[in-house]
Amino acid sequence: MFWHNLKYNLMFLFKNKNLIFWTFAFPIIMATLFNLAFSDIEKNEQLNKFNIAIVDNTEYQNDEVLKTTFQKLEKDIFDIEYTNIEKAKELLEEKEIVGYLEKKENNINININKNGIEETIFKYVVDEIMIINSVSKDLINDEIASNNQINYEEIYQRVLNKINEEIKLNDTSPSNLSYTMIEYYTLIAMTCLYGGIIGMTSTNNMLANMSKKGSRVAVSPIKKSKLLLSSTIASYIVEIIGVALLFLYTIFVIGVDYGDKIFPVILIALIGSLAGLTFGIAIATLIKKNETTKVGIIISITMICSFLSGMMGITMKYIVDKNFRILNLINPTSMITDGLYSLYYYPTMERYWFNIISLLIFSTVMILVSLVELRRQKYDSI
Amino acid sequence: MKKVIEVKNLTKKYKELKAVNGLSFDVYENEILGLLGPNGSGKSTTINCLLSLLNFDEGKIEILGKEMTPDLYEIKRKIGVVFQEVAVFDELTVYENIDYFCGLYIENKEKRKKYVKDALQLVKLEEFLNFKPKQLSGGLLRRLNIACGIAHKPEIIFLDEPTVAVDPQSRNNILDGIKKLRKDGATIIYTTHYMEEVELICDRIIILDKGKVIAEGTKEELKELTGIEEKVTIEINDLNESHIEEIYKLPNVKTVEYEGEKLVITYGKGKNNFSKLLDYLKKEEIYYNKIYSERPTLNDVFLELTGKELRD
């Protein structure tokens, strides 16, 4: 009876054109649109090196911190012309450079012509250097306060190490995770949560208050646990085919490179799909409303969860994490996106596995709640 | 006779409205019990309570000696239901629909195949195996609905208004099928508001109104309740008040109504009513177009007991 029900559940679901569109076609259409919309943005937003000048005076030459920093940055961000003040002014006037830097009387001054992205970056970098300079001074003062004998060599090394550390940190954080990749991850999370609609549709077929078909199934002698298991497995098969198609399409048609994280990404998509699916099943059993209302509830909750998990702006995720952490701990969307981002932001897999386990716990709770509700189901009106 | 279903004091409220009001009745093995009543009389609600789909406020329901609950699977296995609304999957073919619902009861594939074939024969849908429900006419769809409910050869069958909105040919097919199911040993609970169907197939009838049993018995026993022997209808063009008064005075006449050139006379027990009426018309030289006599119907019973027509 289990296989019989599984077979027919698969038939209902695969022959449901609306469901197939939202499960299979819609994510692929969205992926295509993302590709069309964001691939150019990505190309345009790649930072090209830009020209600056540094006044190569004695004060600059004596500032090892400043020199080391700009030598580092010269590789990736700036094309630097070392020159005198007059030439620097001339280059700026002729718009050959974005701006120039001059160290004068222990102050670092920058001169720019206008406000723009490159000018902002230049100013930001110099501000950072000034902060590092301040840190250096603090370190030296600490050393002086604690030790009468100052080891300048050691202090100098520590400052350089600190600068290297800062620059290294900037290199490793989100550089691998491009804006477009975040959008594809969003799409994966969204596809997982759309599993809720499949779960709900499948469960509605066994609920007497949803249709007479449901009444017919409800009066049959099959245990609710068997019915629920077979319909959940059938829905999960449909859902993972949808997710698999999305992965195949993004990899082989669009050319998305998931890099060496592909298997953890697929795993979290599979577990996330289960969470989405069981969430839909729970809504179907717990909410005694018609199908349209249930779909509305699933979509609304999904959108709220997505918003809180930072899909529409990563800042929201940090606000919720800081002020209402419990919300993100029970939010399946947050578990999926956090799991995906953790693959890139954290050097270890601890946070990733924490999210996987959280999703499994969420799925188990949803399915148990649904089963309890289904087993005792008698209605006040149908 | 073995009691198959026992309902005691069943009460189901929807807020203040009592849809079923202290209903008690029994169903016996291999009988066709008709639940007859107008729309809203509580027939479907009663069936849904019996099937443990609906909560009820008071009362007790026993099926095959056991109190009915949603997880009484051994009893559910022996029950078949045909709901008033067509309950089939649009995505599946005729064959697949019957196979699916039959498979919820019958695990053995070979046995199920035979049962599905038998069900198709019973409702005469063999030619439509691969049709989708949307390709079927209303009557054929109703037949599919029945096949889905009875394919597993249940001992007890609930048929909730299975002939609503079907053509005469399909209706006859359905009624023949129901008689065959009884012949094969099933006990049938048949709800309808079509009194002709009840008279045709039911062994025993319970008449419901406003959630209450207002009469119960065989059709003959129920008709006895009216005290009417026969009803004579005559089409007469011209009839005056004195004629009507004279006719009323004829032996055994209970009521006389004259409306729209149609004279309807009901008679109580007695003999030669028809010939005495004809003698009177001849004597008074009253000419008439058509004249016919009928036995009282269940509608007359309903009218007698409630003061309103069954289809009001």
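Top to bottom, those sequences are chains A and B.
Mapping the first sequence onto the working numbering, position 197 (from 1) lands on 1080, and the numbers just tick up by one.
Mapping the second sequence onto the working numbering, position 189 (from 1) lands on 519, and the numbers just tick up by one.
The C-beta atom is built at its ideal place from N, Cα and C for all residues, glycine as well.
Please read all numbers here as calculations on a predicted model, not as lab measurements.
Close Cβ partners of residue i (< 6 Å) along its chain, the five nearest in sequence each way excluded
| i | result |
| --- | --- |
| A/Leu1110 | Met1089 |
| B/Ile409 | Pro484, Ile486 |
| B/Ile335 | Val357, Ile393 |
| B/Gly352 | Asn339, Thr341 |
Test: residue i CB closer than 8 Å to a CB of chain A
| i | result |
| --- | --- |
| B/Glu491 | no |
| B/Leu422 | yes |
| B/Gly433 | yes |
| B/Asp514 | no |
| B/Ile409 | yes |
| B/Glu437 | yes |
| B/Val543 | no |
| B/Asp642 | Residue confidence is low: B/Asp642 scores 48 on pLDDT, short of 50, so the model does not pin down where it sits. Its coordinate-derived value is still stated next. Output row for B/Asp642: interface = no. |
| B/Tyr597 | no |
| B/Tyr344 | yes |
| B/Phe413 | yes |
| B/Ser572 | no |
| B/Asn385 | yes |
| B/Tyr618 | no |
N- and C-terminal bounds of the beta strand (DSSP E) containing residue i
| i | result |
| --- | --- |
| A/Asn992 | 990-995 |
| B/Asn378 | Premise fails: B/Asn378 lies in the alpha helix (DSSP H), 373-380, not in any beta strand (DSSP E). |
| B/Ser354 | 347-358 |
| B/Arg534 | 534-539 |
| A/Gly1097 | No beta strand (DSSP E) contains A/Gly1097, which is instead part of the alpha helix (DSSP H) from 1095-1101. |
| A/Asp962 | 961-966 |
| B/Lys509 | Unbroken run through B/Lys509 is the alpha helix (DSSP H), 498-513; no beta strand (DSSP E). |
The ligand MN heavy atom lying under 7 Å from the CB of residue i
| i | result |
| --- | --- |
| A/Ser1113 | Within the structure as shown, the ligand MN is missing, as the structure has no ligands at all. |
Residue interval of the alpha helix (DSSP H) (run including residue i)
| i | result |
| --- | --- |
| A/Tyr891 | 885-898 |
| A/Gly1179 | 1174-1191 |
| A/Tyr1119 | 1107-1131 |
| A/Ala936 | Per DSSP, A/Ala936 belongs to no alpha helix (DSSP H); it is in the beta strand (DSSP E), 933-938. |
| B/Tyr617 | Note, B/Tyr617: premise wrong, no alpha helix (DSSP H); not H, not E. |
| B/Tyr435 | Counting along the chain, B/Tyr435 falls outside any alpha helix (DSSP H), and DSSP gives it neither H nor E. |
| B/Leu459 | Run containing B/Leu459: none; DSSP gives neither H nor E here. |
| A/Thr1168 | 1145-1169 |
8 Å Cβ cutoff met for residue i and residue j
| i | j | result |
| --- | --- | --- |
| B/Asp387 | B/Lys338 | no |
| B/Asp539 | B/Thr399 | no |
| A/Glu957 | A/Ile968 | no |
| B/Arg313 | B/Asn360 | Since the first residue shown for chain B is 331 and the last is 642, residue 313 of chain B is missing from the structure and cannot be characterised. |
| A/Tyr1067 | A/Thr1220 | no |
| A/Tyr1119 | A/Ser1156 | yes |
| A/Asn934 | A/Asp959 | no |
| B/Ala417 | B/Leu452 | no |
| B/Thr376 | B/Val357 | no |
| A/Ile1239 | A/Ile1154 | yes |
| B/Val562 | B/Ile621 | yes |
| A/Thr1161 | A/Ser1246 | yes |
| B/Ala558 | B/Tyr618 | Note on identity: in this sequence residue 558 of chain B is Ile, with Ala being the wrong assignment. No, these two residues do not count as a Cβ contact at 8 Å. |
| B/Asp490 | B/Phe413 | yes |
Same chain, Cβ closer than 8 Å to residue i, neighbours up to 5 away in sequence not counted
| i | result |
| --- | --- |
| A/Leu1052 | Here the model assigns A/Leu1052 a pLDDT of 41, short of 50, so the residue's position is not dependable and the matter cannot be decided. |
| B/Tyr524 | Thr493 |
| B/Ile536 | Phe355, Leu363, Gly364, Leu365, Leu366, Val543, Ala545, Glu546 |
| A/Gly1097 | Asn1087, Asn1088, Met1089, Leu1090, Ala1091 |
| B/Ile428 | Val446, Ala449, Leu450, Leu474, Ala477, Cys478, Ala481 |
| B/Asp514 | Lys483 |
Residue-level contact to chain B via CB, residue i, 8 Å cutoff
| i | result |
| --- | --- |
| A/Val1178 | no |
| A/Ala1091 | yes |
| A/Asn901 | no |
| A/Val1252 | no |
| A/Phe904 | no |
| A/Ser1098 | yes |
| A/Ala1101 | yes |
| A/Leu1052 | In this predicted model, A/Leu1052 has a pLDDT of only 41, less than 50, meaning its place in the structure is not dependable enough to derive any value. |
| A/Ser1056 | Unreliable placement is indicated for A/Ser1056, whose pLDDT of 40 sits below 50; no coordinate value is reported for it. |
| A/Phe895 | yes |
| A/Asn1059 | With a pLDDT of only 49 at A/Asn1059, under the threshold of 50, the placement of this residue in the model should not be trusted; the figure read from the coordinates follows. Not an interface residue. |
| A/Ser1264 | yes |
| A/Lys1106 | yes |
| A/Tyr891 | yes |
| A/Lys1205 | no |
Cut-off 7 Å between Cβ atoms - residues of its own chain near residue i, not counting five sequence neighbours on either side
| i | result |
| --- | --- |
| B/Ile436 | Arg442, Tyr445, His482 |
| A/Tyr1235 | Pro1147, Gly1222, Ser1225, Leu1226 |
| A/Gly1163 | Gly1078, Gly1079, Ile1080, Ile1081, Gly1082, Met1083, Ile1181 |
| A/Ser1108 | Leu1254 |
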